[in-house]
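Enquirer: Note that the sequence shown covers residues 5 to 261 in the working numbering. Using N, Cα and C, we set each Cβ at its ideal position, and we do this for glycine too. Quick caveat: nothing in here was measured; it's all calculated off a predicted structure.
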Amino acid sequence: MKILPPVLVPWRTVIDRRHDPPEAQGRYGYRTYRACLRWEFGFTCPFCLCHEADFVPRGAEGFGVTQIEHFVPVSHKGTNLYPNCFYICRFCNRARSAAANVDPEDGRRLLSPTSSVWAEHFVVAGDEIEAREGSDDAAYTRDAYDLNDHRKAARRRYRREAIDECLAMVRESGSICRRLLEDAVATHKPELVDAAKAIEAGLRRAWRDLEVFEVVPPDAPSRCACDVEAPSIPRLLEEQSIEIRAPAFEGGDGAPA
Ligand SMILES: [Zn+2]
Ligand SMILES: [Zn+2]
């Protein structure tokens with residue numbers, strides 16, 4: 005199973021537009037892009053870097069936490085064409101609201117993650133995403149999308165702590181359990197078995213908590229509008245994801261109950 009990293013490092017390349025769905029018809033036709041967009045953006049808001057799983061565990065579809073944004077708003081001559089449509093969390097979408105692509109007062113521009121390299125403009129500082137010094141466009145973008153809205157920062161913190169703690173638990177407690185059980189047999193001390201059982205219960209819980217952060221959520225569509233078979237997540241997300249293997253539970257075949 006592949007899970008998200010505790011902290012997503014801002015993208016080191018632009019997000020590739022690999023999908024090419026049929027052109028949307030009608031005012032709301034862009035909604036047919038949704039499956040393509042979810043895969044293409046890796047189920048992640050490209051602005052605040054929160055993943056669907058940060059908002060709703062085990063499948064966010066139907067909860068309204070992600071939306072399709074017209075990067076150039078339709079009201080500003082933007083179109084429903086696919087390249088103008090981004091997958092974005094509702095918090096970023098709402099924060100931006102009607103902010104212009106170019107600030108009419110000082111000419112600063114909103115950055116697009118499909119044409120600007122995020123890592124060149126943003127840096128993660130703790131649980132916040134900061135504009136790099138000298139990038140006025142990044143500062144404008146950060147403020148327009150309110151990237152450090154306390155709810156987003158809280159979700160980044162929760163993920164970082166949960167994944168760090170659960171990974172440590174999963175990596176270390178399997179061998180601790182085994183040693184305790186061996187000692188219990190060798191020394192005829194049943195209380196050691198109880199201790200091993202308690203640790204294993206914690207281990208199962210840690211594994212379930214990690215499953216929440218699967219990179220490809222369980223409700224990922226198996227097909228999209230361009231009818232690519234087995235669509236994939238962006239390589240820049242794949243590279244940061246972490247492969248984990250279920251620990252061997254004493255009471256089962258490895259899969260937690
Ligand atoms: Zn597609
Ligand atoms: Zn967002």
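1) Taking C-beta to C-beta, are V127 and E134 nearer than 7 Å?
2) Taking 7 Å as the limit between beta carbons, can you name the residues of its chain near D213, skipping five residues before and five after?
3) What are the start and end residues of each continuous alpha helix (DSSP H) run of 4 or more residues lying completely inside the segment 36–92, in chain order?
4) Excluding the five sequence neighbours on either side, which residues of its own chain have a C-beta within less than 7 Å of the C-beta of C40, listed in chain order?
5) Compute the distance between the beta-carbons of N152 and E176, then report whether it is under 7 Å.
6) Residues in the same chain with beta-carbon distance under 7 Å from P260, minus the five sequence neighbours each way, listed in chain order, please.
7) Measure from the alpha carbon of G206 to the alpha carbon of each residue in N105, I180 and F51, then state which is nearest.
8) Give the DSSP-derived three-state secondary structure of I167 in the structure shown.
9) List the DSSP bridge partners of F126.
10) What's the call for T191, buried or exposed, on a 16-neighbour Cβ count within 10 Å?
11) DSSP three-state label for K156, please.
12) Round the Cβ separation of F47 and H55 to the nearest angstrom and send it over; I've been treating them as touching at under 8 Å.
13) Name the one or two DSSP bridge partners that E247 has.
14) Please check the pair R146 and F95, which I expect to be a contact at CB under 8 Å, by giving their CB distance rounded to whole angstroms.
15) Got a sec: does ligand 2 put a non-hydrogen atom nearer than 6 Å to the Cβ of F47?
16) Give the list of continuous alpha helix (DSSP H) stretches no shorter than 4 residues that lie fully inside the segment 169–244.
17) CA-CA distance, V219 and E65?
18) Would you list the residues sitting across from V106 in a DSSP beta bridge?
Expert: Short version:
1) yes
2) Excluding residues within five positions, the ones whose Cβ falls inside 7 Å are A166 and C170.
3) 38–44 and 56–59
4) Same-chain partners within the cutoff: H23, P25, C228, A229 and C230.
5) no
6) In this predicted model, P260 has a pLDDT of only 45, less than 50, meaning its place in the structure is not dependable; the value taken from the coordinates is given anyway. If we look at P260 and ignore the five residues flanking it on each side, its Cβ neighbours are R208, W211, R212, A250 and F253.
7) I180
8) helix
9) In DSSP, F126 forms a bridge with A135.
10) exposed
11) helix
12) 6 Å
13) K6
14) So it is not a contact: roughly 14 Å between Cβ atoms.
15) Distances taken from the Cβ of F47 to the heavy atoms of ligand 2 include none shorter than 6 Å.
16) Uninterrupted alpha helix (DSSP H) stretches at least 4 residues long and entirely within the segment 169–244 occur at 194–215 and 239–242, given in chain order.
17) Per the coordinates, the alpha-carbon of V219 lies some 15 Å from the alpha-carbon of E65.
18) Its beta-bridge partners are R113.
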